[in-house]
Amino acid sequence: MKKVSEAKSKEIIRRNCAVCGEKLVITTYPDRTYSGGHYFGKLSAGKIKSEYWECDDCFNE
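Quick look at the structure:
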């Protein structure tokens with residue numbers, strides 16, 4: 001029997017680059033790694049909550 005965490009496969013999430021607005025397709029894996037963008041953390045301003053992601057091009061500038 002597999003554990004619940006092992007049974008869950010990769011997940012796809014969609015976000016936008018905070019710098020240029022490019023659409024990102026991020027793949028998350030059960031071991032808490034990801035590919036498809038660069039994550040810098042969560043942002044909050046009052047009741048508005050967001051995440052800060054950058055595409056590869058903006059990250060490398």
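With the numbering used here, the residue at position 29 of the sequence shown is 29, and numbering never jumps. Think of the CB as a built atom: it goes at the ideal place given N, C-alpha and C, for glycine as much as any other residue. Fair warning: this is a prediction, and the values are worked out from it, not measured in the lab.
Tell whether a beta-carbon distance below 7 Å holds between residue i and residue j.
{"i": "threonine 27", "j": "glycine 36", "result": "yes"}
{"i": "arginine 32", "j": "valine 25", "result": "no"}
Please determine, among the options, the residue with the shortest C-alpha to C-alpha distance to residue i.
{"i": "proline 30", "options": "Gly46, Cys17, Ser9 and Cys58", "result": "Ser9"}
{"i": "glycine 41", "options": "Tyr34, Trp53 and Lys47", "result": "Trp53"}
{"i": "serine 50", "options": "Cys58, Phe59 and Tyr39", "result": "Tyr39"}
Looking only at its chain, what residues have a beta carbon closer than 8 Å to the beta carbon of residue i, apart from the 5 residues adjacent to it on each side?
{"i": "tyrosine 34", "result": "Ile26, Thr27 and Thr28"}
So, for residue i: in the same chain, excluding its five sequence neighbours on each side, which residues have a beta-carbon less than 7 Å away from its beta-carbon?
{"i": "lysine 23", "result": "Arg14 and Asn16"}
{"i": "cysteine 65", "result": "Summary: the structure shown does not reach residue 65, with the chain confined to residues 1 through 61, and so no result is reported for it."}
Does the distance between the C-beta of residue i and the nearest non-hydrogen atom of the ligand NAP fall short of 6 Å?
{"i": "alanine 45", "result": "Only the bare structure without any ligand can be found here, which leaves the ligand NAP out of the picture."}
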